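Worksheet: the structure to be examined is printed underneath.
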Amino acid sequence: MVSIPHGGRLVNKVARGERRRKLLKEAAALPRVELDSNQALEVENIAHGVYSPLEGFMCYEEVSHVLENMRLPNDLPWTIPVILDVDEDDLTAVKEGDALSLTFLGKTIAIMEVEEIYRVDLNLYASRVFGTADPGHPGVFKVLNMKPMLVGGTLELLNEMPNKYERYTLHPAETRVLFSERGWKTIVGFQTRNAPHLGHEYIQKSALVFTDGLFINPVVGRKKPGDYKDEVILKAYDALIRNYYPRDSVVLSVLRYEMKYAGPREAVHHAIMRKNFGCTHFIVGRDHAGVGKYYGPYDAWKIFREFPDLGITPLFVKEFFYCRKCGGMASEKTCPHSEKYRVKFSGTKTRRMLLSGIRPPPELMRPEVVDAILRFENPFVEE
Numbered sequence: 027m028v029s030i031p032h033g034g035r036l037v038n039k040v041a042r043g044e045r046r047r048k049l050l051k052e053a054a055a056l057p058r059v060e061l062d063s064n065q066a067l068e069v070e071n072i073a074h075g076v077y078s079p080l081e082g083f084m085c086y087e088e089v090s091h092v093l094e095n096m097r098l099p100n101d102l103p104w105t106i107p108v109i110l111d112v113d114e115d116d117l118t119a120v121k122e123g124d125a126l127s128l129t130f131l132g133k134t135i136a137i138m139e140v141e142e143i144y145r146v147d148l149n150l151y152a153s154r155v156f157g158t159a160d161p162g163h164p165g166v167f168k169v170l171n172m173k174p175m176l177v178g179g180t181l182e183l184l185n186e187m188p189n190k191y192e193r194y195t196l197h198p199a200e201t202r203v204l205f206s207e208r209g210w211k212t213i214v215g216f217q218t219r220n221a222p223h224l225g226h227e228y229i230q231k232s233a234l235v236f237t238d239g240l241f242i243n244p245v246v247g248r249k250k251p252g253d254y255k256d257e258v259i260l261k262a263y264d265a266l267i268r269n270y271y272p273r274d275s276v277v278l279s280v281l282r283y284e285m286k287y288a289g290p291r292e293a294v295h296h297a298i299m300r301k302n303f304g305c306t307h308f309i310v311g312r313d314h315a316g317v318g319k320y321y322g323p324y325d326a327w328k329i330f331r332e333f334p335d336l337g338i339t340p341l342f343v344k345e346f347f348y349c350r351k352c353g354g355m356a357s358e359k360t361c362p363h364s365e366k367y368r369v370k371f372s373g374t375k376t377r378r379m380l381l382s383g384i385r386p387p388p389e390l391m392r393p394e395v396v397d398a399i400l401r402f403e404n405p406f407v408e409e
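Sequential numbering from 27 applies to the sequence shown in my numbering.
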């Protein structure tokens, strides 16, 4: 049986039919707040239940509890605030209890009931979420440059954003039906922002040995320079799944979400989202959601000790490597040979080879995956 949604109920805040038509008429007379693309994606993730049990943007008490305790006020695990920051000028005619039209590119996408207008200490916010207040950290830099006011309240989605990856998009209500139709009772989620090398593949297949299905859920959205472009990741996974996975063992669907690079806290946040999609297990990377030297190599594993009540089982799989002596894939638990025989997987090394026009060898990356990547003139996000 697929997992129970976080908090016990899958949220659905998508207005349809007559309700939607009524709200769209009302929105024309409401104060408007224009969202950027990532704020608009947060609206969609709330409305479609990716962030269950949240029904809107957080208010002050919720944010404070999450920052200090990594839990909501009702003690449910939650590690990263979901907030809406706005300019003071947007709120000159708005007070608590009013409704707001949330727009993107001038078009109403949601109506929000304003429960609270407040401020937070941004340095404290950054240091709690990221474990540092260093503006060199991309997540900290973004927080320190947020707009000054936060608005909390429930919302209803009226219009979806444009989505060029629609054929790869499944919402939690849809994945849950799909997993059930396939008869999957145990589903392992895999988060990624990279094209797959053999190390990724063998981690996934190790998890598949004792689960019914694999949910590969790449993040698409704003990323840091040097990351693979979204379309490259998807084409690379298409090639891998088509050539190297049993039929109907894998579901590939995107998560439209902006990476925070919050290390351990974001690892838990990612697990909660995959729980809402229906996953019973979640693969946690060695340096999951990390950036630079801000987090220790196993910090993202250790934090899960604090959440025995998370409701999804984290899987901590040791890294694989290619052993020339063994003649195949191995890990520290299965291979007795010294470092001189081991070809280690490095995303940085693989990207450097691809940028130089060098094909990664088959013991690093499947040739079909390399072909898919090299069809793009520049497969990486630029400055």
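Ideal Cβ positions, reconstructed from N, Cα and C, are used throughout, including at glycine. None of the values given here were measured: they were computed from a predicted structure.
Backbone CA spacing between M84 and D101 [nearest angstrom]: 15 Å
Which residues in the same chain as M27 place their Cβ atom closer than 6 Å to its Cβ, once the five residues preceding and following it in sequence are excluded? K211
Along the chain, where does the alpha helix (DSSP H) that runs through R45 open and close? G43 to A53
Span separating the alpha-carbon of A66 from that of G304: 23 Å
Taking C-beta to C-beta, are G337 and H74 nearer than 8 Å? no
Which of the three DSSP states is assigned to D256 in this structure? Residue state for D256 is assigned as helix, using DSSP reduced to three classes.
Please return the same chain residues whose Cβ sits closer than 8 Å to the Cβ of V317, not counting the five positions on each side in sequence. H163, P164, G165, K250, Y287 and G289
Would you mind stating whether D411 and P103 have Cβ atoms separated by less than 8 Å? Any property of residue 411 remains undetermined from this structure, which presents the chain solely from 27 to 409.
Flag this pair as yes or no: are the beta carbons of D116 and L176 separated by less than 8 Å? Contact flag unset, no.
For V276, report the span of its alpha helix (DSSP H) as first-last. Unbroken run through V276 is the beta strand (DSSP E), V276 to L278; no alpha helix (DSSP H).
C-alpha distance - A265 paired with R392, whole-angstrom precision: For A265 and R392, the distance between alpha carbons rounds to 9 Å.
Go to K168, then tell me how far its alpha helix (DSSP H) extends in each direction, as first and last residue. P164 to L170
If I measure Cβ to Cβ from P244 and keep anything under 6 Å in the same chain, skipping five residues before and after, which residues do I get? Correct list, in chain order: T218, I259 and V280.
Near N302, what residues of its chain come up, given a Cβ to Cβ distance below 7 Å and the 5 sequence neighbours on each side ignored? P31, H32, L36, G75, V76, S78 and P198
Any idea what DSSP makes of G373, helix, strand or coil? DSSP places G373 in helix when its eight states are reduced to three.
Where does the unbroken alpha helix (DSSP H) through Y86 begin, and where does it stop? Y86 to N95
Quick check on the burial criterion: 16 or more other C-beta atoms within 10 angstroms. Buried or exposed for T360? exposed
Could you pull out every residue in the same chain whose Cβ sits closer than 8 Å to the Cβ of L224, ignoring the five residues on either side in sequence? F346, Y348, M355, F371, E389, L390, M391 and R392
To which residues of the same chain is T158 closer than 8 Å at the C-beta, ignoring the five residues directly before and after it? The answer, listed in chain order, is A152, V166 and Y320.
Check whether the Cβ atoms of K168 and D113 lie closer than 8 Å to each other. The Cβ-Cβ distance between K168 and D113 does not fall below 8 Å.
Could you name each continuous alpha helix (DSSP H) segment of 4 residues or more that falls completely within the segment 130–199, going from the start of the chain to the end? 148–156 and 164–170
What first and last residue would you give for the beta strand (DSSP E) that runs through P340? Counting along the chain, the beta strand (DSSP E) containing P340 begins and ends at T339 to L341.
Between E60, L278 and T376, which has its C-alpha nearest R193's C-alpha? Of the residues E60, L278 and T376, the one whose Cα lies closest to the Cα of R193 is L278.
Identify every residue that forms a DSSP beta bridge with M355. BP columns for M355 point to Y348.
With 16 other Cβ atoms within 10 Å as the buried cut-off, status of R45: exposed
Given that a residue counts as buried once 16 or more other Cβ atoms are within 10 Å of its Cβ, and exposed if not, what is D253? buried
Taking C-beta to C-beta, are V146 and V69 nearer than 8 Å? With respect to the 8 Å criterion, V146 and V69 are not classified as neighbours on the basis of their beta carbons.
Between L61 and P362, what straight-line distance do the alpha-carbon atoms span, to the nearest angstrom? 55 Å
Once DSSP output is grouped into helix, strand and coil, what is the label at H32? coil
Let me confirm a value: L400 is counted as buried when at least 16 other C-beta atoms fall within 10 Å, else exposed. Which label applies? exposed
Look up E60 in the DSSP assignment and give the residues it is bridged to. Within the DSSP bridge table, the entry for E60 names T129 as partners.
In whole angstroms, give me the CA-to-CA distance for R377 and M187. 31 Å
For N269, which residues from the same chain have a beta carbon less than 6 Å from its beta carbon, with the 5 sequence-adjacent residues on both sides left out? Within the same chain, N269 has close Cβ partners E394.
Check this for me: beta carbons of F216 and I329, under 8 Å apart or not? no
What do you reckon, are the CB atoms on E142 and E122 nearer than 8 Å? Yes, Cβ-Cβ distance for E142 and E122 is below 8 Å.
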